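The opening residue of the sequence shown carries number 164 in the numbering used here; numbering runs sequentially from there.
Report on one structure; see the data block that follows.
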Amino acid sequence: MDALSRMIIEHDCERLVKRYAQTLDAYDYDAFLTLWAPDAAWIMLGEVRRGEEVIRKALDARDATMICRHLITNVIIEVEDADHARGHCYTLSFHVPGQRDRATGDLEPPTFVVEYRDRFVRDSARGWLFAERDITATLARGIG
Numbered sequence: 164m165d166a167l168s169r170m171i172i173e174h175d176c177e178r179l180v181k182r183y184a185q186t187l188d189a190y191d192y193d194a195f196l197t198l199w200a201p202d203a204a205w206i207m208l209g210e211v212r213r214g215e216e217v218i219r220k221a222l223d224a225r226d227a228t229m230i231c232r233h234l235i236t237n238v239i240i241e242v243e244d245a246d247h248a249r250g251h252c253y254t255l256s257f258h259v260p261g262q263r264d265r266a267t268g269d270l271e272p273p274t275f276v277v278e279y280r281d282r283f284v285r286d287s288a289r290g291w292l293f294a295e296r297d298i299t300a301t302l303a304r305g306i307g
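As structure tokens, then:
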């Protein structure tokens, strides 16, 4: 694979990582679900959620009053071939319950720092999608 093709895949997968945070923070669940392959696994702190119906159920259980912001950093994409890639990044996550309808929410310390380990797959019609997103907490407020 030539360098330009590799860079395009890296860019597209990194954009997918950013769209994940953007759509989740905006509570735009329809757009969020378009980021996933049909049989994808969203593994949140060890709990596996596989497929659109199960992922949607988890989204609907989120606190709808919360301002949530995910700040993503250290994104690394490893291209495996023209249709598969892996990724890793860190995310600093802020969750402030009861603040969503306010123009400016109260700033609280971050809830946690998480690591995402991703597997990406390219769909010929939809482009790059998450095949798996495994989320682990590295640092969390109130633990330990």
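Even for Gly, the Cβ is constructed at its ideal location relative to N, Cα and C.
Quick caveat: nothing in here was measured; it's all calculated off a predicted structure.
I need the straight-line Cα distance from residue i to residue j, nearest angstrom please.
| i | j | result |
| --- | --- | --- |
| Asp-264 | Ala-227 | 10 Å |
| Val-276 | Phe-257 | 9 Å |
| Ile-309 | Ala-189 | Since the first residue shown for the chain is 164 and the last is 307, residue 309 is missing from the structure and cannot be characterised. |
| Arg-169 | Pro-272 | 37 Å |
Which residue from the options puts its Cα closest to that of residue i?
| i | options | result |
| --- | --- | --- |
| Glu-215 | Thr-299, Phe-293, Leu-302 | Phe-293 |
| Arg-232 | Gln-262, Thr-197, Thr-299 | Gln-262 |
| Ala-166 | Leu-255, Arg-289, Val-242, Leu-222 | Val-242 |
| Ala-300 | Gly-268, Thr-254, Pro-260 | Thr-254 |
| Arg-213 | Ala-203, Thr-274, Met-207 | Ala-203 |
| Leu-270 | Ala-245, Asp-286, Ile-230, Val-238 | Ile-230 |
| Glu-173 | Ser-287, Phe-283, Asp-297 | Phe-283 |
| Trp-199 | Asp-246, Glu-295, Gly-250 | Glu-295 |
If we define contact as Cβ-Cβ less than 8 Å, is residue i a contact residue for chain D?
| i | result |
| --- | --- |
| Ala-227 | Judged by its chain identifiers, the structure shown contains no chain D, having just a single protein chain. |
Under the rule that 16 or more other beta-carbon atoms within 10 Å means buried, what is residue i, buried or exposed?
| i | result |
| --- | --- |
| Tyr-183 | buried |
| Gly-209 | exposed |
| Val-180 | buried |
| Leu-334 | The structure shown does not extend to residue 334, since the chain spans only 164 to 307, so no value can be given for it. |
| Asp-281 | buried |
Looking at the unbroken alpha helix (DSSP H) that takes in residue i, where does it start and where does it end?
| i | result |
| --- | --- |
| Asp-188 | 166–188 |
| Glu-215 | 215–223 |
Could you tell me the boundaries of the beta strand (DSSP E) in which residue i lies?
| i | result |
| --- | --- |
| Ala-194 | Careful: Ala-194 lies outside any beta strand (DSSP E), inside the alpha helix (DSSP H) at 192–196. |
| Pro-201 | 199–207 |
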